[in-house]
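Counting from 1372, one number per residue, gives the positions in the sequence shown under the working numbering. Worksheet: one structure, shown below.
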Amino acid sequence: MLGCWQFFLMCFLSAPMVIYRGSLEGYVLGGCWMLDEWNKSLVFLSLWLGALMMIATSPRKSLCIWGVVFCCVLAFSSFSFFWFYVFFELSLVPISILTLRWGVQPERVSAVYYMVLYTLGGSLPFLVFILACFHWHGSFFMGFSWNLLSSMGYWGCIGVVVFFIKLPCYPFHLWLTKAHVEAPTAGSMALAGLLLKLGGLGLMRVFMSYGQLSYSMEIFWSAVGIWGGILSSLVCLRQMDSKSLVAYSSVGHMSLVQLSILSGSALGWAGALYMMVAHGLCSSGLFSALGEYYSKVKSRSMSISSGLGMLFPSTMAWWSALIFFSMSCPPSLTFFSEVFMGASIVSVFPGFCILFSLLGFLGGAYSLVLFSGISHGVPCSSLAPRFSGIMKFSYLGLFHSVPLVLLFFFPLFV
């Protein structure tokens, strides 16, 4: 049952979302930290999901969970590239401990190895990049506007490749699917809800301070991104592992964020921010549901866990809501995000119009595959006794879905 302290914690953490939305814009927290229109929503998302992760998991993991939240909040609110880099890297420590200590399969070691290798390998060029910029301009501050990336060509692209890895973009997505499958429920919620957003916001901050990439590089990465999104969506259609399906779907959603940021338009960036917040809530909710189902069924296979809607229909309302919100159905924030991103992508990259439409169609198709694979079918009779009592997802589904609906009617609070 939902503890009173957890409920009041969530109410306390969510209050600033509504009360202080206007007064926090441009609020300086210190010499290197500040809240502005681009990071305040992600800071509040971190606190909200931190409380939900505490509900979804055992108290033994609380130190690692709040370690992830702490690193993400400081990275999101940092206005110094140096401190952003420090907390960007430090976020690997608690999520690695979560996966290694509470992961189930032996493959969790290789999953952490992939995650650390990809992130550290991509972040070293970024460290060289920000140190070179400090040498030239004498500051790590993000508020300056220097048009460097377009003149650096391939070297500028290599300097920011760490954010393409963190989003993650095709073909740097292999670490994400491995980490999602092997991480415990709280780890998957943190990965999908928070850590991927470090890549999106980092890309925005670099482009704000050092300008966009050269046009040829933007076209190249946009083409790679939308092609990778289509490939990952096709992989989702063939998946029988429910957790892998949700993990690959994140690659498709983040490819749209990648294209919107590369478009350089204000509408595209607003859509990317909306998508990051909406995807954080949707994917975290789906992983919490799958974690609860796994604790009962002991399998991630949709062929074994089919028919859960008949065994426990009270959770199907929130499960279906999150599935349809993931498909960008109104009323949810994902609907606004895809409209904004679609308008910006088609206006800047008109050749991607058909591919964007195909990506949206495939997203709806694999979402329905996931919904029908879990909810419908004939359940195994031996599973029925395991579903007695109230499941935690009845609460978690509520607290993941309601913000998406509220932000649909009040998108200015994002």
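Here a beta-carbon is modelled for each residue, glycine too, at the ideal position from N, C-alpha and C.
Tell me, please, whether the CB atom of residue i is closer than 8 Å to any CB atom in chain D?
i, result
"L1498", "The displayed structure is made up of one protein chain only, and chain D is not part of it."
When the Cα of residue i is compared with those of the options, which residue comes out closest?
i, options, result
"M1588", "D1612, E1478, P1684, V1531", "V1531"
"W1689", "L1657, F1591, S1728, P1539", "L1657"
"L1567", "L1704, V1648, S1691, M1712", "V1648"
"L1491", "G1573, I1536, M1523", "I1536"
"F1742", "C1607, P1782, L1638, G1639", "C1607"
"M1579", "R1431, A1641, G1635", "G1635"
"S1672", "G1722, D1612, V1719", "D1612"
"Y1581", "G1599, F1543, F1497, G1564", "F1497"
"F1459", "Y1485, V1533, G1421, L1519", "V1533"
"Y1766", "L1406, T1428, D1407, C1403", "T1428"
"F1683", "V1595, V1499, W1526, S1746", "S1746"
"L1406", "T1705, L1605, F1447, Y1737", "F1447"
"L1538", "L1569, L1519, W1517, G1509", "L1569"
"F1455", "A1503, M1513, G1564, K1432", "M1513"
"F1732", "G1678, L1605, S1691, A1714", "L1605"
"A1618", "W1546, A1736, F1727", "W1546"
Using a Cβ-Cβ cut-off of 7 Å (strictly less than) and excluding sequence neighbours within five positions of residue i, which residues of its own chain qualify?
i, result
"T1470", "R1479, A1482, V1483, A1550, E1553, A1554, G1558"
"G1474", "E1553, A1554, P1555"
"S1615", "T1548, V1552"
"F1764", "S1659, A1660, E1663, T1686, W1689"
"F1511", "S1451, F1452, F1453, I1501, F1505"
"I1466", "V1439, G1558, A1561, L1562, L1566"
"V1740", "L1608"
"F1706", "S1699, C1700, F1779"
If I measure Cβ to Cβ from residue i and keep anything under 6 Å in the same chain, skipping five residues before and after, which residues do I get?
i, result
"S1703", "F1696, L1775, F1779"
"G1393", "In this prediction, G1393 scores a pLDDT of 44, lower than 50, which makes its location untrustworthy; the coordinate-derived value is nonetheless stated afterwards. Correct list: empty, nothing qualifies."
"A1371", "What the structure shows of the chain is the stretch from 1372 to 1785, and residue 1371 is not part of that stretch, so it cannot be assessed."
"V1622", "H1544, S1603"
"H1624", "H1650"
"V1444", "V1414, S1417"
DSSP state of residue i, grouped into three classes?
i, result
"F1511", "coil"
"M1611", "coil"
"S1449", "strand"
"L1406", "strand"
"L1767", "helix"
"W1517", "coil"
"A1637", "helix"
"P1555", "coil"
"T1428", "coil"
"P1477", "coil"
"L1584", "coil"
"F1781", "coil"
"G1623", "helix"
"G1760", "Reliability of the predicted coordinates at G1760 is poor, the pLDDT of 48 falling under 50, and the value obtained from them is presented with this limitation in mind. In this structure, G1760 counts as coil in the three-state DSSP scheme."
"V1749", "coil"
"S1604", "helix"
"S1654", "helix"
"S1462", "coil"
Round the Cβ separation of residue i and residue j to the nearest angstrom and send it over; I've been treating them as touching at under 8 Å.
i, j, result
"M1646", "L1627", "6 Å"
"I1436", "A1561", "7 Å"
"C1540", "G1599", "6 Å"
"E1709", "S1718", "Incorrect: roughly 15 Å between the Cβ atoms, too far for contact."
"C1403", "S1449", "6 Å"
"S1593", "F1723", "7 Å"
Between which residues of its own chain and residue i is the CB-CB distance below 8 Å, once the five residues before and five after are set aside?
i, result
"H1771", "L1423, L1652, C1653, S1655, G1656, S1659, W1689, L1693"
"I1632", "G1571, L1574, M1575, F1578, G1639, W1640, A1643"
"P1477", "none"
"V1499", "G1530"
Nearer than 7 Å: is that true of the beta carbon of residue i relative to any heavy atom of the ligand GTP?
i, result
"G1571", "Absence of the ligand GTP from the depicted structure is noted, as is the absence of any ligand whatsoever, leaving it without description."
*Which ranges would you report for the alpha helix (DSSP H) in the segment 1658-1741 if only whole runs of at least 4 residues count?*
If we require 4 residues or more, the alpha helix (DSSP H) runs fully inside the segment 1658-1741 come out as 1679-1682, 1687-1697, 1704-1719.
*Report the residue ranges of all beta strand (DSSP E) runs contained in full by the segment 1523-1550; include only those spanning at least 3 residues, in chain order.*
Taken in chain order, the whole beta strand (DSSP E) runs of length 3 or more contained in the segment 1523-1550 number zero.
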